[in-house]
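What follows is a short report on a single structure.
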Amino acid sequence: MSYATLIIEDETTLARNMKTYLERYGYEVRIAQSAEEGFQQLDSFKPDVILLDLQLPGMSGLDALARIKERDAQVKIVIITAHGNIETAVDAMKAGAYDFMNKPLVLAKLKVLLDKAVGQSKLEGTLSYYREKEAGESTLSALIGESPPMRSLKHQIEQIIDSERKLTEGDPPAVLITGETGTGKELAARALHYNGPRKNGPFIEINCASIPTHLLEAELFGYERGAFTDAKEKKIGLFQAAEGGTLFLDEIGEIEISLQAKLLKALEDKVIRRIGNIREQKVDVRIVTATNQSLEEAVRQGRFRSDLFFRLRIINLELPPLRSRGNDILLLADHFLTIQSRRYGKQGMRFSPEAEKVLLNYSWPGNVRELRNMIEQTVLLSRDSVIAPEQLSLLTGLIKMNQVDRQKENMDRFPLPLQGISLEKVERDFVLQALEQTSWNVTQAAKLLGLTRDTLRYRMDKYKLEPSSS
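full-length UniProt numbering applies: residue 1 is where the sequence shown begins, and numbers increase by one.
And the structure:
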């Protein structure tokens, strides 16, 4: 691979020797013999790494370093210095230089250093690309939908972000995101992070339901070498990994009560202690949590600490289920169809009006996640550019099942007469019908009524029902 390198060095022989040596290993090298010439090169050349001599005509290496960093803060700069200029080289490192080498140079060592510098530069560039890509996918516009519930949700998020930007001291408020499975709780958490003042910090997420309690503690707080049998090396936890950013704890309701006290202390005191260590360490982390269950009910049942619940739910964002979002279903369906048709090389696909009706009439118990997966399946299996109702095979089957269930529910109902009824008479008639239909087989009749044998026997005695009574 060709790495772009700019050598700013006024010793012509040294500069040419470095150029010849590096080009042998695939480096693309340009030479400038003064700082000004180097700046001119940078107008048309973007190097991965710059070799900069500290002693240059017309401008000091430190001044040149500062000018270069103003133009490109990410470029790696390796300082070349004479033995007597070590202190100046250290100053250059403090000013942003990657490293330095003393003259006379050992070219093999120089190449090793440049390989490391370029490798780090490429890695940082890749990470920066994915951070920008992730941030772009986490803007408020990524929360697709114009229904009243979604407009209200986005307005709430904007208010939270605006309040955080104006915060002069203290931590941003903890946010609890609630909603059914598949409604997009993680997307809302990302929108809070990537649009807020901590967007340049890390966004770390963990699903608390997917990890056993003893492993979850190690993941969150880290551990020291030898803290337990498999702790071969020290490991930092997610609280420290999220320093300066956001830690998103999904399915927070699944955390065992034994771990909740340690989590509460971390939130209240802003300190954590790795397993196997007695020393506490400060952390600066914004906490966002999510759950698809009722934490209030978990508190009532004693499964969740009330003090932790109130600490986490300073602000509550409730995500609406897809079935309540009306035409958002079609907006999302078109969005996923565009993505998946491009992915599978079937651009230009669309839904027929009849298929759109099917999408709107379904209840979507799995919410947005179910819609996305169904669209991918449809695109994968479809041979036509226009998607008809019958191509939504899985979905139409589920809709028919729902319709049958609703019909059964309606069949189980009967209109109440205006003059009222005797509930005991109705119950007696049902019990008698069940017994007659099963030829007075108590076990089968109890099964028909959804009762135990003993309960049915009680009803038979209560209403004095015997085979002769019919």
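Beta carbons: idealized from backbone N, C-alpha and C, even for Gly.
Keep in mind the model is a prediction, meaning the values are calculated, not measured.
Delimiting residues of the beta strand (DSSP E) encompassing residue i
| i | result |
| --- | --- |
| L176 | 175-178 |
| T246 | 246-250 |
| V78 | 76-81 |
| D53 | 49-53 |
| R30 | 28-32 |
| D162 | Note, D162: premise wrong, no beta strand (DSSP E); alpha helix (DSSP H) at 148-165. |
| E224 | First-last for E224: undefined, no H or E at that position. |
| D99 | 99-102 |
Whether residue i touches residue j by CB criterion (8 Å)
| i | j | result |
| --- | --- | --- |
| I157 | H335 | no |
| A64 | G38 | yes |
| R342 | V386 | no |
| L319 | G196 | no |
| G244 | D269 | no |
| I278 | L249 | no |
| A32 | L54 | no |
| V175 | I160 | yes |
| I275 | E233 | no |
| G326 | S147 | yes |
| F228 | I272 | no |
| E75 | P57 | It is worth fixing the name first, because residue 75 is Val in this sequence and not Glu. In this structure, P57 does not lie closer than 8 Å to V75 by Cβ. |
| L42 | R71 | yes |
| R198 | T246 | yes |
| S352 | A298 | no |
| L448 | A434 | yes |
| A92 | G61 | yes |
| A97 | M59 | no |
Cβ distance (whole Å) where residue i is taken to contact residue j below 8 Å
| i | j | result |
| --- | --- | --- |
| I79 | A89 | 5 Å |
| P212 | R286 | About 26 Å separates the two Cβ atoms, so there is no contact after all. |
| Q444 | T452 | Incorrect: roughly 13 Å between the Cβ atoms, too far for contact. |
| L360 | I329 | 6 Å |
| V368 | L332 | 6 Å |
| D99 | L113 | 6 Å |
| L317 | A188 | 6 Å |
| L312 | V358 | Actually they are not in contact, since the Cβ atoms of L312 and V358 sit about 39 Å apart, beyond 8 Å. |
| A117 | K103 | Actually they do not touch by this definition, with Cβ atoms about 18 Å apart. |
| E254 | C208 | 5 Å |
| L432 | L465 | 6 Å |
| T291 | I252 | 5 Å |
| E376 | Q347 | No, E376 and Q347 are not in contact; Cβ-Cβ is about 15 Å, not under 8 Å. |
| residue 471 | A242 | For residue 471 there is no data in the structure shown, the boundaries of the chain being 1 and 470. |
| Y3 | L107 | Not confirmed; about 15 Å, so no contact. |
| P149 | S324 | 6 Å |
| F45 | R30 | 6 Å |
Identified DSSP bridge partners for residue i
| i | result |
| --- | --- |
| N316 | L176 |
| S60 | Q55 |
| N207 | D250 |
| V386 | R350 |
| Q301 | DSSP lists no partner for Q301. |
| A290 | I177 |
| I236 | G222 |
| Q391 | DSSP lists no partner for Q391. |
First through last residue of the alpha helix (DSSP H) which encompasses residue i
| i | result |
| --- | --- |
| D429 | 423-437 |
| V285 | From DSSP, V285 is part of no alpha helix (DSSP H); its letter is neither H nor E. |
| T5 | T5 -> not in any alpha helix (DSSP H); beta strand (DSSP E) instead, spanning 4-8. |
| D461 | 453-462 |
| T12 | 12-23 |
| N373 | 367-381 |
| I144 | Per DSSP, I144 belongs to no alpha helix (DSSP H) and is neither H nor E. |
| T443 | 442-449 |
| G276 | Careful: G276 lies outside any alpha helix (DSSP H) and carries neither H nor E. |
| G194 | The identity of residue 194 in the sequence shown is Tyr, whereas the question assumes Gly. First-last of the alpha helix (DSSP H) with Y194: 185-194. |
| S341 | 328-343 |
| I257 | 257-269 |
| N41 | Correcting the residue type first, residue 41 is Gln in the shown sequence and not Asn. 35-42 is the span of the alpha helix (DSSP H), which, as asked, contains Q41. |
Proximity test, residue i beta-carbon vs the ligand SAH heavy atom, cut-off 7 Å
| i | result |
| --- | --- |
| I144 | The model on display carries no ligand, and the ligand SAH is accordingly not part of it. |
Problem set entry | the stretch 186-202 / the stretch 307-315 touching (three or more Cβ pairs under 8 Å) | no
Exercise. Does the stretch 220-239 come close enough to the stretch 161-180 that 3 or more CB-CB pairs lie under 8 Å?
Worked result: no
For this session: Check whether the stretch 54-69 touches the stretch 15-22, counting contact only when three or more Cβ pairs, one atom from each stretch, lie closer than 8 Å.
Result: no
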